[in-house]
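Working notes, beginning with the structure itself.
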Amino acid sequence: MKARLLILAMVVFWTTFDSSFAESQEFTVAEVKWVKSSHSSDGFASIQVIEPDMNLSPNDIEKFKIHIWSDSDPNGITPDVYETSKDSGVFASNIYFSPNSSTGQRIHVLEEDLVIASYEDQTLPISYTDEKLEVFDSMIIRKTLANPDENQGFFRIDDPTFVRQNLQTGETLGDASSIFGWFVLAMSLFIVFAYITMKIKMRIKK
Numbered sequence: 041m042k043a044r045l046l047i048l049a050m051v052v053f054w055t056t057f058d059s060s061f062a063e064s065q066e067f068t069v070a071e072v073k074w075v076k077s078s079h080s081s082d083g084f085a086s087i088q089v090i091e092p093d094m095n096l097s098p099n100d101i102e103k104f105k106i107h108i109w110s111d112s113d114p115n116g117i118t119p120d121v122y123e124t125s126k127d128s129g130v131f132a133s134n135i136y137f138s139p140n141s142s143t144g145q146r147i148h149v150l151e152e153d154l155v156i157a158s159y160e161d162q163t164l165p166i167s168y169t170d171e172k173l174e175v176f177d178s179m180i181i182r183k184t185l186a187n188p189d190e191n192q193g194f195f196r197i198d199d200p201t202f203v204r205q206n207l208q209t210g211e212t213l214g215d216a217s218s219i220f221g222w223f224v225l226a227m228s229l230f231i232v233f234a235y236i237t238m239k240i241k242m243r244i245k246k
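Using the working numbering, read the sequence shown as starting at 41 and increasing by one per residue.
This is the structure in structure tokens:
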């Protein structure tokens, strides 16, 4: 009787321990993502890898490598991503884009290039039959205008027709407006001349 109870207790203990151990070893699938979907060819972007399984120590900031490549540089670079804080399980790094050759955190790109970041997840849930899975995210390098107001029809201060433009609307003034302006100026001068002449005559009479 005692032997049976001992065996039963051991079975219950082992089942509970095995279940708890399995739960503690339940891995997750990593996620890779660019912070933005497009960037200019002379800027930088932040790449994030959400991978709780690589948070090996709650007291340390860990790091690991990922692979980034572009249409212009198929070999790419293998920069480190660093845990954003202790025990966060979120890793990030800044990647710089340049028309120059790739090195370190800098990847060679040209306009309209597709830039891909990948990470090989080797800690998968038990439901996966494969031992590893490569996860990706991509973004596009866009052209950035040197002057955002370019070709929007705004006049400039050095425009040769500036003196004939309305400062509020930017519309060019016609010839009729110029003639009217000269007429107003002439009438103003005539009134001033007539006033001065009248004052002089009044003083002479006195």
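Even for Gly, the Cβ is constructed at its ideal location relative to N, Cα and C. Quick caveat: nothing in here was measured; it's all calculated off a predicted structure.
- With contacts defined by Cβ atoms closer than 7 Å, residue 159 and residue 175 form a contacting pair.
- Residues 90, 124 of the same chain have their beta carbon placed closer than 6 Å to that of residue 130, with the five preceding and five following residues left out of the count.
- Per DSSP, residue 154 is one residue of the beta strand (DSSP E) stretching across 154-161.
- When 96, 120, 137, 118 are compared, the shortest CA-CA separation from residue 183 is found for 137.
- Spanning the alpha carbons of residue 113 and residue 107 requires a straight line of approximately 12 Å.
- Taking residue 151 as the centre and dropping the five residues before and after it, the same chain places the C-beta of 81, 181, 182, 183 closer than 8 Å to its C-beta, in chain order.
- Using a Cβ distance threshold of 7 Å, residue 173 and residue 164 count as a contacting pair.
- Residue 119 counts as buried, since at least 16 other C-beta atoms from the protein chains shown sit within 10 angstroms of its C-beta.
- Pairing residue 147 with residue 110 gives a Cβ-Cβ distance under 7 Å.
- In the DSSP annotation of this structure, the continuous segment of the beta strand (DSSP E) that includes residue 134 starts and ends at 130-138.
- Taking the Cα positions, residue 115 is about 35 Å away from residue 99.
- DSSP lists 136 as the beta-bridge partner residues of residue 84.
- Sixteen is the threshold: when 16 or more other Cβ atoms of the shown chains lie within 10 Å of the Cβ of residue 94, as they do, the residue is buried.
- Between the C-alpha atoms of residue 88 and residue 66 there is a straight-line separation of about 22 Å.
- About 21 Å separates the beta carbon of residue 128 from that of residue 145, a gap too long to meet the 8 Å contact definition.
- Across the structure, residue 236 and residue 244 are spaced so that their CA atoms are roughly 13 Å apart.
- The alpha-carbon of residue 242 is positioned some 22 Å away from that of residue 228.
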